[in-house]
Amino acid sequence: MTGKTKPCPYCGASLPGDAAFCPFCAQSIRSRQSVKVPSHLWRKWLKPAVILVVLILLAVGLYHHFTPHVYDAWGELTYTLDGNDYHLAVTFRNDPTPEPEYTVQVEADGRYDRDAKLFITHVSTGVDAGQMFNQQIDSAYIQMTQPSDSPSPITWLQPEFANDPATEGLLHSVLTFTGESQGPAELVWHINMKNGDTILLRQELDFQPVDSIHYYPEDWPMDTIEELQALVDQIQAEVPLPTVVHLHLPPVAYEGGLTIDKRTINLYGSLGENNMRTTFLGPVVYRPEEDPQGFIEYIDFRGGGTGTGLTVEADCHVEDCGFSGWDTGLLVGAEDWADPIGCLFEDNSVGFRFDSGGSYVNANRFEGNAFLRNGTAVELLRVPGAKTLYFDGCRFAGNNTDLSNPANHPVNISYATFE
Amino acid sequence: MQKEYEQVRLIKESSRGSVRLIRHNTTGRQFILRQFTGNPEVYQKLLDYTCPNLPTVFEVACQGDQNLVLEEFIQGDTLGYILKGGLFSPDETRKIVLQVCRALWVLHSIGAVHRDVKPENIILRGDEAVLIDFDAARLHKPEHEMDTQILGTTGFAAPEQYGLSQSDIRTDIYALGVLINVMLTGEHPSKKLADGKMGRVVDRCTHVNPQHRYKNVLRLMEAL
């Protein structure tokens, strides 16, 4: 009670100032508020709603987990299996770098083959995972889509397991085509997994026609080493890339060496009277810059006990050549790769020396060579990569040392003969 | 008051006070006149609020420790009376208890704890349940560790009302649990627990540890 008074708004009676009720007219004179109970219905449904969402997510997860999936990508993809992430890459290279698009320079009359490969590595470490992953592969095959009017369709072999998945891929398939093959072609790797998933990895293969020029002894002076070097220098100065140059040599013995150091020139020897083949009596150096692979075929390199018969510092294929009487018959050096096939190495201090500090790797089948009466037949000082070198069909006879391998590079001589 | 009103009947009388039904002579309106000694703070708070599940408190007058409260007369029977005739179905129980929860929500919102929720203090006015009698109610004081005075009704009183700790809104939730069980079974849950989900609700309401009961009446309403 404050002592103050106020009149009742209903009957006018005098009431205490803090009165809430008029006892005279029995009316409440105090304003009141109603307390609203918060809506709790949403809370009631919250739990079922959360359970429903969880069930839906669970169902989606189970569906996702148990339903076979199709993975479709160009060049590469990451595939998760049993908690492990695998990197799948298709390429024509000798490492797992993917090549979703691959263009080949082709001459009109050329015939080519390329090795398509499937590499599988652990995403986390980059280490080869081919063997582990292979246990989960049910089947694999290749499909090719190419122009129907191609005069020389690409042919291919179905994938086979490579010997060394780390350097050759888990699976590889040899594609064959010519200068008349039409592109673009789409190469699709189908990998069917045991869990029902299908992995599709695609590559586009296209062809870039290049001109080629053939130089014949009938048309160009090349009977002496001076004429030959002059012709080589002229070609290097005048014929631009990507034109391919084929130099067909006469069956003469060149009294000196030759140097090719600007661009790739393919050298082809020939056979004359008295079984005389094109022969270089001086050292030949083959080191064109940044060019496509070169070819040196059917040529003899004959030395006087010193020097190097043929020094190759380029991507090169050496076939059916002879190396005799050199300190080193064939040297593959710098940072490059060359593969001798069907060659004869005889009476050299070192027949074939591999001493390349690069990382580029190419063909690894050094097949059909003969190593006779050399101090050391094959000397592997430095060999790029880890690809096994195969000496299938090679013959080793009368050498002081057949194989010197300080590089500890993997070699396979199980199909070579030693006499 | 004596001129304007007449006593209809004496409803209750004890050493703490009395409850009378009175009638306004002019209008014929009936009111409850409550006379008691003690703390009138909850009644004073309720002067500012209105809720269909609580009687409207029209006036509170104090002189020393003597208090006079004029409140709305709720026409109807108490749950205690109705329970003598039979039990309630789960649906009826749910509906009535939800209304009691709304009344308690108002009390708890102003910081009060009823402390004497029982069938005799719930009147059914038509379809509406009205919670009455705030003589035992107190404003909750968090700094107090124990109740200073044992109040409430044996059986409906929570363990903390016997001095284990201070009563708070969960004390009323305990009593609500007993109320539900009595409405469904006629027995205290310690003797016979209601079946099914309502039994589980009762069990949680009447947990000895207040922390394991429903946190507030809203949670209990959700469960119901």
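Each protein sequence line maps, in turn, to chains P and F.
For what it's worth, the numbering used here labels the leading residue of the first sequence as 32, then goes sequentially.
For what it's worth, the numbering used here labels the leading residue of the second sequence as -2, then goes sequentially.
The beta-carbon is built from N, C-alpha and C at its ideal position, and this holds for glycine as well.
{"Asked": "Cβ-based burial, F/ASN206 [other Cβ within 10 Å; buried from 16]", "Found": "exposed"}
{"Asked": "Entirely enclosed alpha helix (DSSP H) segments - the region 119 to 181 of chain P, minimum 4 residues", "Found": "161 to 165"}
{"Asked": "Reference P/HIS277; option with closest CA among P/GLU258, P/PRO248 and P/GLU286", "Found": "P/PRO248"}
{"Asked": "CB contact check: F/ILE147 to chain P, cutoff 8 Å", "Found": "Only weak support exists for where F/ILE147 lies, its pLDDT of 44 falling under 50; the value from the coordinates is given anyway. Chain P contact via Cβ: absent."}
{"Asked": "Under the three-state DSSP convention, the category F/THR182 falls into", "Found": "helix"}
{"Asked": "Start-to-end residues for the alpha helix (DSSP H) that takes in F/GLY193", "Found": "193 to 202"}
{"Asked": "Cα-Cα separation, P/TYR299 to P/HIS118", "Found": "43 Å"}
{"Asked": "Secondary structure of P/MET32, DSSP reduced to three states", "Found": "With a pLDDT of 45 at P/MET32, under the threshold of 50, the modelled position of that residue is not reliable, and the figure given next carries that caveat. Coil."}
{"Asked": "Proximity below 8 Å, CB of P/TYR317 to CB of P/ASP346", "Found": "no"}
{"Asked": "The region 373 to 388 of chain P in contact with the region 405 to 417 of chain P per 3-pair CB rule at 8 Å", "Found": "yes"}
{"Asked": "Distance between F/SER106 and P/SER65 (C-alpha atoms, nearest Å)", "Found": "11 Å"}
{"Asked": "Residue-level contact to chain F via CB, P/VAL81, 8 Å cutoff", "Found": "no"}
{"Asked": "Interfacial residues, the region 43 to 55 of chain P to chain F, with Cβ spacing under 8 Å", "Found": "ALA50, ALA51, PHE52, PRO54 and PHE55"}
{"Asked": "Candidates P/GLN162, P/PRO215, P/ASP195 and P/ILE173, of which the one nearest P/SER179 by Cα", "Found": "P/PRO215"}
{"Asked": "Through-space distance from P/ASN439 to P/SER355, alpha-carbon basis", "Found": "26 Å"}
{"Asked": "Range of the contiguous alpha helix (DSSP H) that encloses P/VAL263", "Found": "256 to 269"}
{"Asked": "Any chain P beta carbon closer than 8 Å to F/TYR46", "Found": "yes"}
{"Asked": "Contacting positions in the region 178 to 195 of chain F - beta carbon closer than 7 Å to chain P", "Found": "none"}
{"Asked": "First through last residue of the beta strand (DSSP E) which encompasses P/MET224", "Found": "216 to 224"}
{"Asked": "Status (buried if at least 16 other CB within 10 Å, exposed otherwise) for P/LYS148", "Found": "buried"}
{"Asked": "Member of P/ASP358, P/GLY325, P/GLU350 and P/HIS245 whose CA lies at the smallest distance from the CA of P/THR339", "Found": "P/ASP358"}
{"Asked": "P/CYS39 versus P/ILE60: straight-line alpha-carbon distance, rounded", "Found": "7 Å"}
{"Asked": "Proximal residues of chain F, C-beta to C-beta of P/SER59 below 8 Å", "Found": "THR53 and PHE55"}
{"Asked": "Candidates P/GLN162, P/VAL270 and P/LEU262, of which the one nearest P/ALA193 by Cα", "Found": "P/GLN162"}
{"Asked": "Residues that P/GLN64 contacts on chain F, provided the C-beta gap is smaller than 9 Å", "Found": "ASP45, TYR46 and THR47"}
{"Asked": "Which of helix, strand or coil DSSP assigns to F/SER106", "Found": "helix"}
{"Asked": "Bridge partners - F/LYS0, DSSP secondary structure assignment", "Found": "Its beta-bridge partners do not exist; DSSP assigns none."}
{"Asked": "First through last residue of the beta strand (DSSP E) which encompasses P/ILE60", "Found": "Premise fails: P/ILE60 is in no beta strand (DSSP E) and is neither H nor E."}
{"Asked": "Closer than 8 Å to chain A by CB, P/PRO69", "Found": "Protein chains in the displayed structure are P and F, and chain A is not among them."}
{"Asked": "C-beta neighbour in chain P for F/HIS111, strict 8 Å", "Found": "no"}
{"Asked": "Cβ neighbour criterion (16 or more within 10 Å) applied to P/CYS42", "Found": "exposed"}
{"Asked": "contact_flag[the region 254 to 262 of chain P, the region 219 to 235 of chain P] where n(CB pairs < 8 Å) is 3 or more", "Found": "no"}
{"Asked": "Straight-line Cα distance separating P/GLU217 from P/VAL154", "Found": "26 Å"}
{"Asked": "Residues of its chain near P/GLY141, where Cβ-Cβ distance is below 6 Å and the 5 sequence neighbours each way are ignored", "Found": "GLY210"}
{"Asked": "Beta-ladder partner(s) of P/ILE372, from DSSP", "Found": "P/GLU350"}
{"Asked": "Chain P within 8 Å of F/HIS204, Cβ atoms only", "Found": "no"}
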